[in-house]
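Asker: Here it is, the structure in full.
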Amino acid sequence: MSRHRCWRRLLLSTVALALAGCSAPVEPTQREGTWRPIGSNDTNLRAMVADPAHLSQGAESSGGRGWQASQAIGRLRDDKVKSLPDVRASRVGPAPSTGPGR
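Numbering (mature numbering (1 follows the signal peptide of the UniProt record, and there is no 0)), first residue to last: -20 to -1, 1 to 82.
Structure, rendered in C-alpha cells:
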C-alpha cells in the first residue's frame, strides 16, 4: 500500500469519526424524559397569593410612599436626577507637606 493511500485512509477515518460525534443540537428542555414546566409559575403564584383577586388588581399599601416614586420618575423624565450622596469615609489624595525638605 502506498504512503499516499495510507494518509488518505487515515484522513477519511478521522473525518468520519469527527462527524460521527456530531448531531443536531437538542434543546435541553425538549429531550426525552425531561420535566417540562408547563404552567408551573402560574400554579405556584396562585398557591402563594393571599387573595386571588390580587392576581388581577393589586392591593394598596397603607405604609407605601408612592408620591416619592412618582416624584423620582418625574425628575428622571425631566432629566433632573438628584446625584447620590458621597458616602466615602475619607478622600484619597496626597498628604499636605509639613515644610521644605520633608
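Even glycine gets a Cβ: it sits at the ideal position worked out from N, Cα and C.
Just checking my contact of R68 with K62 at CB under 8 Å: how many whole Å lie between their CB atoms?
Answerer: For the purposes of this step, residue 68 is taken as residue 88 along the sequence shown, with counting starting at 1. For the purposes of this step, residue 62 is taken as residue 82 along the sequence shown, with counting starting at 1. At roughly 18 Å, the Cβ-Cβ gap does not stay under 8 Å, so R68 and K62 are not in contact.
Asker: Are the Cβ atoms of T23 and R16 separated by less than 8 Å?
Answerer: Here the question's residue 23 lines up with position 43 in the sequence shown. Here the question's residue 16 lines up with position 36 in the sequence shown. No, they are not a contact pair.
Asker: DSSP on L(-10), reduced to helix/strand/coil?
Answerer: Stepping through the sequence shown from its first residue, residue -10 is reached at position 11. Correct three-state label for L(-10): helix.
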